[in-house]
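Enquirer:
As structure tokens, this is what we get:
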């Protein structure tokens, strides 16, 4: 199998790390060779965060480069736009319809780009969701990231049961039920 | 398994019994995983020098021991390291050092191999998680066989990448008997002279023997292009040049010279692919071997497969240009107590000599309070240097800002110096009860060990008083009024003052948020006062309305204390 390249991008603190670990554990369970690259430390403090998951028969390089990503999972709109050039021509974007102003925008040094989702839709298949709203309905806005993952899962080759069993093993024990529910919401949207 | 988890597993399987470290990205998770193994006595040290010495002590009496740190931590530990090289080991002594090409979370991009060369210590370099585990085990064997500490070098990309790892059982290594041997263990000049001879013959033995080490691998394919590489760059070589012949070095100091010469003689064109400094390249070229390296590759940042395709194969890879979008630099979290302190410093128009930690972000707009950041502990001592250079009046608009963990790391020495040498500076200890930036590790003033056991908690206030600081204040970091008054008074005094601004890191409390704040638009005058601290939850709409984002606000209430019109109200959530 040709190596599949997934990128998960967002703002530090949105849970890109946990999401990539769920995906990584899933691909390992499915018997692939897997490399997963994470970001820790200062970059996690509210900055732009990107993690890579690569899986296939044999994976060397742990990072995804420009023009190579099959799927871009974005927890924030501006971050989707920042990394869209990493997508393959036929790649898909799953994006959380949320705006978080970066500090240059907050202090008036820069402008938040308008119409991001419309612009992205012109060049790629875009699956958008207001995952925060959906997560609030579940009573915990923090699980929005797993809702977004559920939508991405619709376009991947793994069964729902495989996903749910991995979520059970990967997330903190107290949050298993709410995360499974969140996944189902995304998977069925 | 994460690279760092694999290093920990390697130490476990190697029969390691003692581990010490100070947290530092990208090395922190090594200790956080070692603590899972009850067989290893593991602890956080106040700094890397202490960690190294704890490991050396364990080694001297015959037990396998590990110290782990980031690249700049090795500078702090350099003193014991260089002499441990002379003493050698009884039980295996391994030091895992993680470099940070690309500076994801560091103040410089130094290359550990250069330090190891100076200290004449062998360096082993794995290229994926499985090797991280296996090479760590090999390092312990090497250490005992050649009577030397061994450095295992990692990089951010290895430490923070996950790959598959095959697990083995732990080796049951018997403790070696301690034999008193002053000639080897007491490094005074007469003894050290002889030990230097031993170090030099060890180097010669390693240069020869390492040619047969199983951690070096040669893959002959098409011989038109040959590549010498090691560590993570090997992965980029395999991805970009699958047809090339490759010599992958597992040991990068000292270099296995005959192995390299043989490989070089069998390929038409030789490339050397190594991130950061040309350590391999300069040595290989000094032997009269023709090779291409930094002429076409950079000494900065991380490599990638595409970089090699372009530089070595001359391929034109057309990629779309990135969209021009606003940057998103790291910022202090919503509810961060540092933001409150910096807001006060900004109001008072004070400059801060900064230090290493989340509060380095006080240098970034809109706070822009921190003027300098050098290394762990340097805030207090560099402020003292400024005073000695220009006098006490000159530093009346300066303070030193340092975190609790960094203060105990090396800041306390600087404060002793300030007291001893009659300084008058004002020092703010931002005490958030944790080592924040690296992901919340305990330290000597949190009352918990790495293993999570309760322990003695160093009282920072008493410590400062014991050193002889005449004025010590402990203030809630969110009490902006009291902070303002005290800081004003402190900088005006001709005496040292330490202000301990206390409030736990906003990320420590994982319970659901119980209070948030909203702006009453009828009262708000849109003056923007609440936006000055740069809280990510507060944004201004195009029509000028200022809003608090309820998915980001964590209810610290700093904004409410700043509003002069009382327009920011708290809302109880549950």
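Chains as they are written, first to last, in my numbering: chain L, 6 to 194; chain A, -7 to 566. Yeah, the Cβ is synthetic: ideal placement off N, Cα and C, and Gly gets one too.
Residues of chain L with CB under 7 Å from residue 319 of chain A, in chain order?
Expert: Position 327 of the second chain, counted from the first residue, corresponds to residue 319 of chain A. By Cβ distance, chain L contributes 107 and 109.
Enquirer: Please check if any C-beta of chain C sits within less than 8 Å of the C-beta of residue 17 of chain A.
Expert: Structure shown: chain C not included; protein chains present are L and A.
Enquirer: Give the single residue among A/222, A/203, A/214 and A/288 whose Cα lies nearest to the Cα of residue 253 of chain A.
Expert: In the second chain, counting from the first residue as 1, residue 253 of chain A sits at position 261. With distances taken between Cα atoms, residue 253 of chain A lies closest to A/203.
Enquirer: Thinking C-beta only, is residue 124 of chain A closer than 8 Å to residue 622 of chain A?
Expert: Residue 622 of chain A lies beyond the residue range present for chain A, which begins at -7 and ends at 566; the question has no answer from this structure.
Enquirer: Using a Cβ-Cβ distance under 8 Å, would residue 418 of chain A count as near chain L?
Expert: Translated into the one-based positions of the second chain, residue 418 of chain A becomes position 426. Chain L, which has no Cβ nearer than 8 Å to the Cβ of residue 418 of chain A, makes this no.
Enquirer: Measuring alpha carbon to alpha carbon, tell me which residue in A/420, A/79, A/20 and A/398 is nearest residue 184 of chain A.
Expert: If you number the second chain from 1, residue 184 of chain A lands on position 192. Comparing Cα positions, the closest option is A/79.
Enquirer: Which residues in chain A sit within 7 Å of residue 170 of chain L, going by Cβ to Cβ distance?
Expert: Position 165 of the first chain, counted from the first residue, corresponds to residue 170 of chain L. In chain order: nothing, as chain A lies at least about 19 Å away.
Enquirer: Return the residues of the region 257 to 276 of chain A that lie within a Cβ-Cβ distance of less than 7 Å from chain L, sorted by chain order.
Expert: Result list empty, no residue passes.
Enquirer: DSSP three-state label for residue 195 of chain A, please.
Expert: Here residue 195 of chain A corresponds to residue number 203 of the second chain, with the count starting at 1. Correct three-state label for residue 195 of chain A: helix.
Enquirer: For the region 61 to 73 of chain L, list every residue whose C-beta sits within 7 Å of some C-beta in chain A, in sequence order.
Expert: Those would be 65, 66, 67, 68, 70, 71 and 72, in chain order.
Enquirer: Could you compute how far the alpha carbon of residue 20 of chain A sits from the alpha carbon of residue 27 of chain A?
Expert: As a working note, residue 20 of chain A is residue 28 in the second chain. As a working note, residue 27 of chain A is residue 35 in the second chain. Rounded to the nearest angstrom, the two C-alpha atoms are 12 Å apart.
Enquirer: Taking a cut of 7 Å between CB atoms, which residues from the region 227 to 256 of chain A lie near chain L?
Expert: Correct list: 227, 228, 230 and 231.
Enquirer: In the DSSP output, what is residue 33 of chain A paired with across the bridge?
Expert: What you label residue 33 of chain A is simply residue 41 of the second chain in a count that begins at 1. Note: residue 33 of chain A sits in a beta bridge opposite A/10.
Enquirer: Around the Cβ of residue 390 of chain A, are there at least 16 other Cβ atoms within 10 angstroms (buried) or fewer (exposed)?
Expert: The count along the second chain starts at 1 and reaches residue 390 of chain A at position 398. Classification for residue 390 of chain A: buried.
Enquirer: Could you tell me if residue 413 of chain A is buried or exposed, where buried requires 16 or more neighbouring beta carbons within 10 angstroms of its beta carbon?
Expert: To locate residue 413 of chain A, count along the second chain from 1; it is residue 421. It is exposed - the Cβ of residue 413 of chain A has fewer than 16 other Cβ atoms within 10 Å.
Enquirer: Give a yes or no on whether the C-beta atoms belonging to residue 509 of chain A and residue 491 of chain A are separated by under 8 Å.
Expert: Translated into the one-based positions of the second chain, residue 509 of chain A becomes position 517. Translated into the one-based positions of the second chain, residue 491 of chain A becomes position 499. The answer is no: Cβ separation not under 8 Å.
Enquirer: Which whole-angstrom value describes the C-beta separation of residue 323 of chain A and residue 528 of chain A, a residue pair presumed to lie in contact below a C-beta threshold of 8 Å?
Expert: For the purposes of this step, residue 323 of chain A is taken as residue 331 along the second chain, with counting starting at 1. For the purposes of this step, residue 528 of chain A is taken as residue 536 along the second chain, with counting starting at 1. Indeed, because the Cβ distance is near 6 Å, the residues count as touching under 8 Å.
Enquirer: Closer than 7 Å: is that where the CB of residue 345 of chain A sits relative to any heavy atom of the ligand ATP?
Expert: Ligands in the displayed structure: none, and consequently the ligand ATP is not present.
Enquirer: Which runs of the alpha helix (DSSP H) spanning at least 4 residues fall entirely within the region 324 to 407 of chain A, listed in chain order?
Expert: Counting only runs of 4 or more, we get 329 to 339 and 370 to 382.
Enquirer: Measuring CB to CB, does residue 243 of chain A end up less than 8 Å from residue 89 of chain A?
Expert: The sequence position of residue 243 of chain A within the second chain is 251, counting from 1. The sequence position of residue 89 of chain A within the second chain is 97, counting from 1. Cβ distance not < 8 Å, so residue 243 of chain A and residue 89 of chain A don't count as in contact.
Enquirer: Excluding the 5 residues flanking residue 117 of chain A on each side, which residues of the same chain have their C-beta closer than 6 Å to its C-beta?
Expert: In the second chain, counting from the first residue as 1, residue 117 of chain A sits at position 125. Hits under 6 Å: 145, 222, 223 and 244.
Enquirer: For residue 538 of chain A and residue 559 of chain A, what's the separation of their Cα atoms in angstroms?
Expert: Stepping through the second chain from its first residue, residue 538 of chain A is reached at position 546. Stepping through the second chain from its first residue, residue 559 of chain A is reached at position 567. Each residue's Cα considered, the two are about 11 Å apart.
Enquirer: Distance cutoff 8 Å, beta carbons only. Does residue 40 of chain L sit that close to anything in chain A?
Expert: Counted from its first residue, the first chain places residue 40 of chain L at position 35. Cβ-Cβ to chain A under 8 Å: yes for residue 40 of chain L.
Enquirer: Please report the straight-line C-alpha distance between residue 32 of chain A and residue 137 of chain A, rounded to a whole angstrom.
Expert: Along the second chain, one-based indexing puts residue 32 of chain A at 40. Along the second chain, one-based indexing puts residue 137 of chain A at 145. Cα-Cα distance, rounded: 22 Å.
Enquirer: Using the Cβ count rule (16 or more neighbours within 10 Å means buried), how would you classify residue 19 of chain L?
Expert: Here residue 19 of chain L is taken as the residue at index 14 of the first chain, counted from 1. It counts as buried.
Enquirer: So does the region 98 to 105 of chain L actually touch the region 339 to 347 of chain A, counting three or more Cβ pairs closer than 8 Å?
Expert: Cβ pair count under 8 Å is below three, so no.
Enquirer: Return the chain-ordered list of same chain residues with a C-beta closer than 7 Å to the C-beta of residue 401 of chain A, the five sequence neighbours on each side being excluded.
Expert: Sequence index remark: in the second chain, residue 401 of chain A carries index 409 (1-based). Counting only Cβ-Cβ distances below 7 Å, and skipping sequence neighbours, we find 14, 38, 39, 368 and 369.
Enquirer: Check the Cβ of residue 115 of chain L against every Cβ in chain A and list those closer than 7 Å, keeping chain order.
Expert: Position 110 of the first chain, counted from the first residue, corresponds to residue 115 of chain L. Result: 318.
Enquirer: So, helix, strand or coil for residue 71 of chain A, using DSSP?
Expert: One-based indexing of the second chain puts residue 71 of chain A at position 79. Residue 71 of chain A falls in the helix class under three-state DSSP.
Enquirer: Taking Cβ-Cβ distances below 7 Å as the criterion, which residues of the region 129 to 142 of chain L are in contact with chain A?
Expert: The residues in question are 137.
Enquirer: Using DSSP with H/G/I as helix, E/B as strand and the rest coil, what is residue 44 of chain L?
Expert: By 1-based counting over the first chain, the position of residue 44 of chain L is 39. Three-state result, residue 44 of chain L: coil.
Enquirer: Looking at the unbroken beta strand (DSSP E) that takes in residue 166 of chain L, where does it start and where does it end?
Expert: Here residue 166 of chain L refers to the residue found at position 161 when the first chain is read from its first residue. Segment 165 to 175 is the alpha helix (DSSP H) holding residue 166 of chain L; no beta strand (DSSP E) there.
Enquirer: Please determine, among A/416, A/376, A/372 and A/432, the residue with the shortest C-alpha to C-alpha distance to residue 403 of chain A.
Expert: Along the second chain, read from residue 1 onward, the residue named residue 403 of chain A stands at position 411. The shortest C-alpha separation from residue 403 of chain A is found at A/372.
Enquirer: If we ignore side chains and look at the alpha-carbon of each, how far apart do residue 6 of chain A and residue 24 of chain A end up?
Expert: The count along the second chain starts at 1 and reaches residue 6 of chain A at position 14. The count along the second chain starts at 1 and reaches residue 24 of chain A at position 32. Answer to the nearest angstrom: the Cα atoms are 18 Å apart.
Enquirer: Measuring straight from C-alpha to C-alpha, what distance separates residue 36 of chain A and residue 513 of chain A?
Expert: Counting from one through the second chain, the residue named residue 36 of chain A turns up at place 44. Counting from one through the second chain, the residue named residue 513 of chain A turns up at place 521. Their Cα atoms are separated by approximately 49 Å.
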